[in-house]
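Asks: Have a look at this one.
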Amino acid sequence: MSLITLGIESSCDETGVALYQMGRGLLAHALHTQIAMHSEYGGVVPELASRDHVQRVIPLVRQVLSEAEVSLEQVDAIAYTQGPGLGGALLVGASVANALAYALDIPTIGIHHLEGHLLSPLLSDPAPYFPFVALLVSGGHTQLMRVDDVGRYTLLGETLDDAAGEAFDKSAKLLGLGYPGGPALSKLAAQGNPDRFKLPRPMLHSGDLDFSFSGLKTAVLTLTKQHEVDDQTRADIACATQEAIIDVLAYKARAALAQTGLSQLVVAGGVGANQLLRQRLSKDIGKRGGKVFYPDLQFCTDNGAMIAFAGALRLAQHQGRKDYRFDVKPRWD
Ligand code: KG4
Ligand code: ZN
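Take 1 as the starting number for the sequence shown in full-length UniProt numbering and just add one per residue.
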C-alpha cells in the first residue's frame, strides 16, 4: 500500500484539508473559506482568521477521512503549511498537524505555501513534466521560477513591490469593489471599454524578469479623481487595470520561456484563476510552440490539496520528521 498524506493549509483566510495517496492521487479534499467573514472589514483580520481556523480544522479533517473512507490510523504522514502567511493562522495548522502526528507516531512535513501553489498544476491531467517555468501569481507574491524537480527551484524574477493579486485588490478597493478584489474587478472589467483608458506597463522593457505593480494603484487613483466615476467609467478603469496587469505578466512569462529555452509554462496562485490571463497566455505561448498548464480552478486559490500533494512528494524524498518541534515562518523566502 502506498503512503497516505494528510495536508493542512491555514496560512491566510482559507482552511483547507486533503488526503493524497501516491499512485492513487487525491482521495478527498475540503475547504472552508472565510471570505464572507472578512468582507465586512474590506480585508483579512488576522485574529479573526486564527480563531476561525481553530474551529474549522478538526471538523474538516474528520470530513476528508470520512469521504475517503480512511481511518486516522491509516494516515502515514501529515503535511502542513509552515509559511509564509499570518503567524497566528499558520500556528493553528502547524500545532494540529504536530499534535495529531505525535499521537499517531507518524512524521510531519512543513511545506512552503508557494511550493504548494507551484506544484499544484501537477495534480491536473495532462500534467507538465520537469523542467518547466512557473509563473506564481498570488495575493502576496509574483515570481517567475525555473522548476527542475521537486525542491529544485531557481528564481528568475519577482516583483519589486506589490504582487499582481495585490494590484488587483488595491485597484478594486479604489473602485469601491468588495474583497477579494481580483474576481470582482475582472467581472466588472468585462463590461468595460478597453480603448478608453491606457494605464502604464511598469518595467515591461526593463530587460530582466522582474515586475513592479505599485504604480498602478496610483494611476487608478488619478483616473478616479480626473473623471466622474459613473458605472461605465468604473468598468472602463477596471478593464484598463486588468489589461495592464495581464499584459506585463504575459510579456514576462514569454520572456522567461525564451531565456530558459523551455517550452512549458505553469501558472499557479490565485490570479491564475483569471480567465483573461489564461486566454492571453495560452494564445501567446501556443503561437510560439509552447504549452501552458493551469491548476483546476478550485486549486488555484489556497487549498489543502496542494499541501497534501507537496507533502507526499517530499515524503517520497524522505523529508518527514518525527521530532514534533515546530515553528512557523510568517516570512519565508
Ligand atoms: O493564492 P491566493 O488564494 O492567496 C495567496 O496566497 O495570496 O491568491 C489570492 C489572490 C487575491 O489577490 C485575489 O484577488 C486574486 O488572487 N484572485 C484573482 C482572481 N481570483 C483570485 N485575481 C484576478 N482574477 C481572478 N479571477
Ligand atoms: Zn496562496
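We put the CB at the ideal spot given by N, CA and C, even for glycine.
Indicate the three-state DSSP secondary structure (helix, strand or coil) for Lys-225 in the structure shown.
Replies: Here Lys-225 sits in helix by DSSP.
Asks: How big is the Cα-Cα spacing for Asp-236 and Leu-104?
Replies: The straight-line gap from Cα to Cα measures roughly 56 Å.
Asks: Where DSSP assigns a beta bridge to Val-64, which residues make up the other side?
Replies: In DSSP, Val-64 forms no bridge with anything.
Asks: What is the residue span of the alpha helix (DSSP H) that Thr-301 lies within?
Replies: Per DSSP, Thr-301 belongs to no alpha helix (DSSP H) and is neither H nor E.
Asks: I need the straight-line Cα distance from Gly-116 to Phe-213, nearest angstrom please.
Replies: Approximately 24 Å between the Cα atoms of the pair.
Asks: If we count the other Cβ atoms within 10 Å of its Cβ and call it buried at 16 or more, is residue 334 buried or exposed?
Replies: The question about residue 334 has no answer here: the residues shown for the chain are numbered 1 through 333.
Asks: Which residue comes first and which comes last in the beta strand (DSSP E) that contains Arg-146?
Replies: Segment 142-149, the beta strand (DSSP E) holding Arg-146.
Asks: May I have all residues whose beta carbon comes closer than 5 Å to any heavy atom of the ligand ZN, sorted in chain order?
Replies: Matched residues: Ser-138 and Asp-302.
Asks: Please report the distance separating the alpha-carbon of Asp-195 from that of Ser-50.
Replies: Roughly 44 Å separates the two Cα atoms.
Asks: Could you say if the segment 18-35 and the segment 52-71 meet the contact criterion of at least three C-beta pairs nearer than 8 Å?
Replies: Flag = yes, the segment 18-35 and the segment 52-71 touch.
Asks: Are there three or more Cβ pairs, one per stretch, closer than 8 Å when the segment 238-253 is compared with the segment 172-192?
Replies: The segment 238-253 is in contact with the segment 172-192.
Asks: How far does the alpha helix (DSSP H) with Arg-280 in it reach, from first residue to last?
Replies: Segment 275-287, the alpha helix (DSSP H) holding Arg-280.
Asks: Which value, in whole angstroms, describes the spacing of the CA atoms of Leu-72 and Tyr-102?
Replies: The straight-line gap from Cα to Cα measures roughly 13 Å.
Asks: Measuring alpha carbon to alpha carbon, tell me which residue in Ala-316, Val-220, Gly-87 and Tyr-251 is nearest Lys-173.
Replies: The shortest C-alpha separation from Lys-173 is found at Val-220.
Asks: Might you give, ordered along the chain, the residues of its own chain that have their beta carbon closer than 6 Å to the beta carbon of Ala-97, omitting 5 neighbours on each side?
Replies: Closer than 6 Å at the Cβ level, and outside the excluded window around Ala-97, lie Ile-8, Ile-78, Tyr-80 and Thr-108.
Asks: Taking the alpha carbon of Leu-86 as the reference point, which residue from His-53, Thr-260 and Val-75 has its own alpha carbon closest?
Replies: The shortest Cα separation from Leu-86 among His-53, Thr-260 and Val-75 belongs to His-53.
Asks: Taking Cβ positions, are Lys-252 and Phe-293 nearer each other than 8 Å?
Replies: No.
Asks: Looking at Ser-186 and the ligand KG4, is the gap between the Cβ and the nearest heavy atom below 7 Å?
Replies: Ser-186: yes, Cβ under 7 Å from the ligand KG4.
Asks: Just to confirm the assignment, what range does the beta strand (DSSP E) spanning Tyr-102 have?
Replies: No beta strand (DSSP E) holds Tyr-102; the alpha helix (DSSP H) holding it covers 87-104.
Asks: For Ala-258, which of Val-229, Gly-207, Thr-233 and Arg-280 has the nearest alpha-carbon?
Replies: Among Val-229, Gly-207, Thr-233 and Arg-280, the Cα nearest to that of Ala-258 belongs to Gly-207.
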